[in-house]
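Asker: Following this message is one structure expressed as structure tokens.
Protein chains in written order, with the UniProt record's numbering: chain G, 1 to 349; chain D, 1 to 332; chain V, 1 to 325.
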């Protein structure tokens, strides 16, 4: 039975290993490699030079060929097996066909040796090509993309929390005519995906003058039915007597929302905030439709555009993919507990 | 809120605004009573919601019955059911080339195939993983996190990671090479590109469904298993007679959510293969996007008609879910 | 300050009439208890007075002023809730200050009022704790303290002791009585527990089905209940009712029965020895159940026939309409 259900205590029950115990560990370890492996490989690759990226078979760690200064110029270093069988470390001056002229860097004045390129190996050391990260920010528009992404994510999350919590407050703490109708409407649209309203939404955004405007990306996303639903369910658990007490205490309805209900709904707000950050940071299709001017691209759109070019500069793309992954990984590492609780509780994604 | 120094300072301007807002809002409350305040609380959300969800939802029908390349409705001539007729004009629905809009039917059948493979494989994998995570293993939270991790990644990141791994000289072919197999053109071969899209999608989303199934498994009372053990019930019978029936509500949620999302597949597949090679990974959402915006001969009306047909499928799936979950709820 | 009048109050929720034409006069400075079985409308009546709910019709006056349309905050009342309703995210001090801050009272004044109330209720060491860190009795005191600092014209208490264990309830009951004596403010106290009502009240309002059955001092209610319902509701154990051949019903309290020759013959079902007294469960000749609380330790066997005497002065007679005659 223990293959099916957690037994009290550790794996097994002292009767040795069952085949299912082995299968479990194979699955867990294989799963770890398959789940984490690609991301780790991405990070390692992102530190490789274009030359190292083109190698097959690839190396695990980023290696770069060492260079040395010879007569004022940087020359690549090789381990060379000379005709007499001696092995020396030499710098390449120039190369003609399959023959390279090599010189000892400690004795640059000597006559260069002619070496077949098959008889030498580059001298390599682990070297992180951090220029993969710095150059896209300096030479390309990635700094702009990053700024746009941060702006969209932060603004959308703040507005989402504010408007959703106000609506959820009204829908959970007041009796009024039409309340059930509003709730029904919200639940009915929980499942309306963007792709179903893509065309008319485009025209609405165009009509409001928000094309090629980051607010055109932000506004359509903030009135999430999911957020209203999640917050309302939580606020229903706040006792009404607290609100009555506040009313006796001269609090206005706005103060009741702001000083009583909002602080008490903090756990649900935290879950929604985390999801909103992840959603908005990752958004793709809608920004792709709204933004056509390059300086307004978010990181996701910018990445896709550069990755879609004919001659993909993988060393930059990989580094920027890592950058796009960082906030989500931070959320994952520090706030995973909230997320799993949120999903298990509400089926939210 | 007095907890957390950073949150305290970050929210300071907001708190100041809220306090300043109290004076006019108190006056508003005195003038209009509770009803006025309810309206005020609902207004921002419902206004945004109406403008950007409800109105577009209603306008979709108008777009699908008008023609031309303009987006402004007044500039669009009424064409009636022409777009629907064009989409449905087919000698043999199973053979896209016999259809007037062959691309639409290619997208339909690609999506259908994708849904079947992706949902099937993903549910199976998520189920096995959930069963394993429900066993007595050390560091449970860690393993759960491992399988959940890709769920948070953006589709662009997912697409690019796997494009890098599945490229001609990528890690995947290195693995094939090490195992003595022929390298495969994962993303440029019609057959493999489709299954690459399926596999990547399963990789990216299975963690989410694993969590839902795991929550269901953990909610099954342990005494039931102990009672079954006392009765000497064989393990597979316990699985079919206890675990599976009690997990049914969660399994249904997983199946229907996965179906609804698989029908909408776009982002990661688009980044991974761009719909290619040829049309082998062209799915419904990409068809809507491209016919509405990206193509040289854009046709918003056609895109709207296609999106309404897709919405119909989604509505049917959602109703199925409601019906099934009600029935499953009634059984107990 | 603090006289409250209700004139022909009606309240209905949809088709259900919860309060049916209640008129009451609550004199200044008295502790009035609303008592009745659950669903009798006592809490609703309190909420109507507080202003948290609006009556369907009728008027509410405080010190002669019509406050029916005034909001809860503007009636100058303070309320102690059944669940205490302490704001969980605020310290005790902030809980007490919240209502005063909302009226824009100067900080120094707020601080001194909190000090004073905290000393009175002996909660000074708790001022910086959160409600979650307090025991039930401490929360109860804080809830009362939050009402006191407001210096209201009247206190409204909605079953304030029902969440405490029996022992603590006794202590708090005594403290509440003492507090009322010291503050001298009008208090309206809602409870379903008639012992609380008897021990605390200056006057008791007995409610049933949204209607006032009787308003009087505790002893008058006990000695001269206006009808069978009040007679049965007030006093424990319950009054015995024995039908008379003339259609009337005689009521006699168990405490007023004693063992002695020539009384009612009663067949014993069971006897509960409480030490100082014995509670006898039995049946009269015509089969009506009967309770008798006799002093001392008596040990009759099941089936024994005892003779129980009473003084005619202790007997109550009720007509067929249930009214006292």
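Positions of the beta carbon are idealized from the N, C-alpha and C atoms, including for glycine.
1) Note down the Cα distance separating residue 35/G from residue 107/V, rounded to an integer number of angstroms.
2) Are the C-beta atoms of residue 253/G and some chain D residue less than 8 Å apart?
3) In whole angstroms, what separates the C-alpha of residue 333/D from that of residue 263/D?
4) For residue 13/D, I'd like the list of residues in its chain whose CB is within less than 6 Å of its CB, leaving aside the five on either flank, ordered along the chain.
5) Return the residues of the region 236-249 of chain G that lie within a Cβ-Cβ distance of less than 7 Å from chain V, sorted by chain order.
6) Report all residues from its chain with a CB closer than 7 Å to the CB of residue 239/G; omit the five preceding and five following residues, and keep chain order.
7) Once DSSP output is grouped into helix, strand and coil, what is the label at residue 214/V?
8) Less than 8 Å between the beta carbons of residue 127/G and residue 64/G, yes or no?
9) With respect to the beta strand (DSSP E) encompassing residue 238/V, which residues constitute its N-terminal and C-terminal limits?
10) Output, in sequence order along the chain, the residues in the region 160-181 of chain G whose CB is closer than 7 Å to any CB in chain D.
11) Would you mind sorting residue 124/V into buried or exposed? The rule is 16 or more other CB atoms within 10 Å of its CB.
12) For residue 395/G, return the contacting residues in chain V, with the cut-off set at a CB-CB distance below 7 Å.
13) Report yes or no: is there a C-beta of chain V within less than 8 Å of the C-beta of residue 263/G?
14) Helix, strand or coil, according to DSSP, for residue 68/G in the structure here?
15) Against residue 267/D, what residues of chain G qualify as contacts under a CB-to-CB distance less than 8 Å, listed in chain order?
16) Tell me, please, whether the CB atom of residue 98/V is closer than 8 Å to any CB atom in chain G?
17) Buried or exposed: residue 78/D, going by 16 or more other Cβ atoms within 10 Å of its Cβ?
18) Name the residues in the region 51-73 of chain V whose C-beta lies less than 9 Å from a C-beta of chain G; which are they?
19) Have a look at residue 285/G and residue 202/D and give me their C-alpha separation to the nearest angstrom.
20) Compare the C-alpha of residue 154/V against each of 30/V, 286/V, 92/V and 116/V and name the closest.
21) Which runs of the alpha helix (DSSP H), 4 residues or longer, sit entirely within the region 117-173 of chain D?
22) Applying the criterion that 16 or more other CB atoms from any shown protein chain within 10 Å of the CB defines a buried residue, is residue 181/V buried or exposed?
23) Residue 282/V bridges to which residues according to DSSP?
24) Quick one: is residue 48/G buried, meaning 16 or more other Cβ sit within 10 Å of its Cβ, or exposed?
25) Is the beta carbon of residue 27/V less than 8 Å from the beta carbon of residue 77/V?
26) Can you tell me which of the three DSSP states residue 283/G falls into?
27) What three-state label does DSSP hand residue 308/G in the structure shown?
28) For my contact list, residue 274/V and residue 310/V are in at a C-beta cut-off of 8 Å; report their separation, rounded to the angstrom.
29) Rounded to whole angstroms, how far is the Cβ of residue 244/G from the Cβ of residue 85/V, which I believe are closer than 8 Å?
30) How long is the line joining the alpha carbons of residue 189/G and residue 329/G, rounded to whole angstroms?
31) Cutting at 8 Å between CB atoms, please list the residues of its own chain near residue 159/V, excluding the five before and the five after it.
32) Would you call the region 216-235 of chain V and the region 284-291 of chain V touching, i.e. three or more CB-CB distances under 8 Å?
33) Return yes when the Cβ of residue 294/D is within less than 8 Å of the Cβ of residue 214/D, no when it is not.
34) Closer than 9 Å between beta carbons: that is the criterion. Which residues of the region 103-119 of chain V meet it against chain G?
35) Please return the same chain residues whose Cβ sits closer than 7 Å to the Cβ of residue 243/V, not counting the five positions on each side in sequence.
36) Beta carbons nearer than 8 Å to chain G: which residues of the region 285-296 of chain D have them?
Answerer: Straight from the coordinates:
1) Residue 35/G sits at position 35 when you count from the first residue of the first chain. Residue 107/V sits at position 107 when you count from the first residue of the third chain. Spanning the two alpha carbons is a distance of roughly 58 Å.
2) Position 253 of the first chain, counted from the start, is the residue given in the question as residue 253/G. Taking Cβ atoms only, chain D reaches closer than 8 Å to residue 253/G, which makes this a yes.
3) Any property of residue 333/D remains undetermined from this structure, which presents chain D solely from 1 to 332.
4) Within the second chain, the letter at position 13 stands for residue 13/D. For residue 13/D, where only same-chain residues beyond five positions count, there are no Cβ hits under 6 Å.
5) Result list: 239, 241, 242, 244, 245, 247, 248 and 249.
6) Taking the first residue of the first chain as 1, we reach residue 239/G at position 239. Cβ within range, chain order: n/a, list empty.
7) As a position in the third chain, residue 214/V is number 214, starting the count at 1. Looking at residue 214/V - three-state DSSP - the assignment turns out to be strand.
8) Here residue 127/G refers to the residue found at position 127 of the first chain. Here residue 64/G refers to the residue found at position 64 of the first chain. The answer is yes: Cβ separation under 8 Å.
9) Position 238 of the third chain, counted from the first residue, corresponds to residue 238/V. Here residue 238/V belongs to no beta strand (DSSP E), and DSSP marks it neither H nor E.
10) 163, 164, 166, 167, 169, 170, 174 and 176
11) Start at 1 with the first residue of the third chain, and residue 124/V comes out as number 124. So residue 124/V counts as exposed.
12) There is no way to answer for residue 395/G, as the model of chain G reaches only from 1 to 349.
13) Here the question's residue 263/G lines up with position 263 in the first chain. Yes, contact with chain V.
14) The residue given as residue 68/G occupies position 68 in the first chain. Here residue 68/G sits in strand by DSSP.
15) Within the second chain, numbered from 1, the residue matching residue 267/D stands at position 267. Residues of chain G passing the Cβ test: 284 and 285.
16) In the third chain, the residue the question calls residue 98/V occupies position 98. Residue 98/V counts as touching chain G.
17) Within the second chain, the letter at position 78 stands for residue 78/D. Exposed: under 16 other Cβ atoms inside 10 Å.
18) 51, 52, 71, 72 and 73
19) Within the first chain, residue 285/G is the residue found at index 285, counting from 1. Within the second chain, residue 202/D is the residue found at index 202, counting from 1. Cα-Cα distance, rounded: 20 Å.
20) As a first step, residue 154/V is located in the third chain; it is residue number 154 there, counting from the start. Answer by Cα proximity: 30/V.
21) The qualifying runs are 140-148 and 155-166.
22) Stepping through the third chain from its first residue, residue 181/V is reached at position 181. Counting Cβ neighbours within 10 Å, residue 181/V comes out exposed, since fewer than 16 surround it.
23) Counting from one through the third chain, the residue named residue 282/V turns up at place 282. Residue 282/V is bridged to 268/V and 290/V.
24) Position 48 of the first chain holds residue 48/G. The residue in question, residue 48/G, is buried, as its Cβ has 16 or more Cβ neighbours within 10 Å.
25) The count along the third chain starts at 1 and reaches residue 27/V at position 27. The count along the third chain starts at 1 and reaches residue 77/V at position 77. Cβ atoms of residue 27/V and residue 77/V: not closer than 8 Å.
26) Here residue 283/G refers to the residue found at position 283 of the first chain. Residue state, collapsed to three classes: coil.
27) Within the first chain, numbered from 1, the residue matching residue 308/G stands at position 308. Of the three classes helix, strand and coil, the one that applies to residue 308/G here is coil, per DSSP.
28) Translated into the one-based positions of the third chain, residue 274/V becomes position 274. Translated into the one-based positions of the third chain, residue 310/V becomes position 310. That belief does not hold up - the Cβ atoms of residue 274/V and residue 310/V are roughly 20 Å apart, past 8 Å.
29) Start at 1 with the first residue of the first chain, and residue 244/G comes out as number 244. Start at 1 with the first residue of the third chain, and residue 85/V comes out as number 85. The Cβ separation is near 7 Å, so the contact holds.
30) Numbered from 1 along the first chain, position 189 holds the residue referred to as residue 189/G. Numbered from 1 along the first chain, position 329 holds the residue referred to as residue 329/G. Cα to Cα, residue 189/G sits roughly 30 Å from residue 329/G.
31) Residue numbering aside, residue 159/V sits at position 159 when the third chain is read from its first letter. 43, 82, 190, 191 and 192, listed in sequence order.
32) no
33) As a first step, residue 214/D must be located in the second chain, where it is residue number 214. As a first step, residue 294/D must be located in the second chain, where it is residue number 294. Their beta carbons are not under 8 Å apart, which means residue 214/D does not touch residue 294/D by this criterion.
34) 103
35) Position 243 of the third chain holds residue 243/V. Correct list, in chain order: 249.
36) 285, 288, 289, 292 and 293
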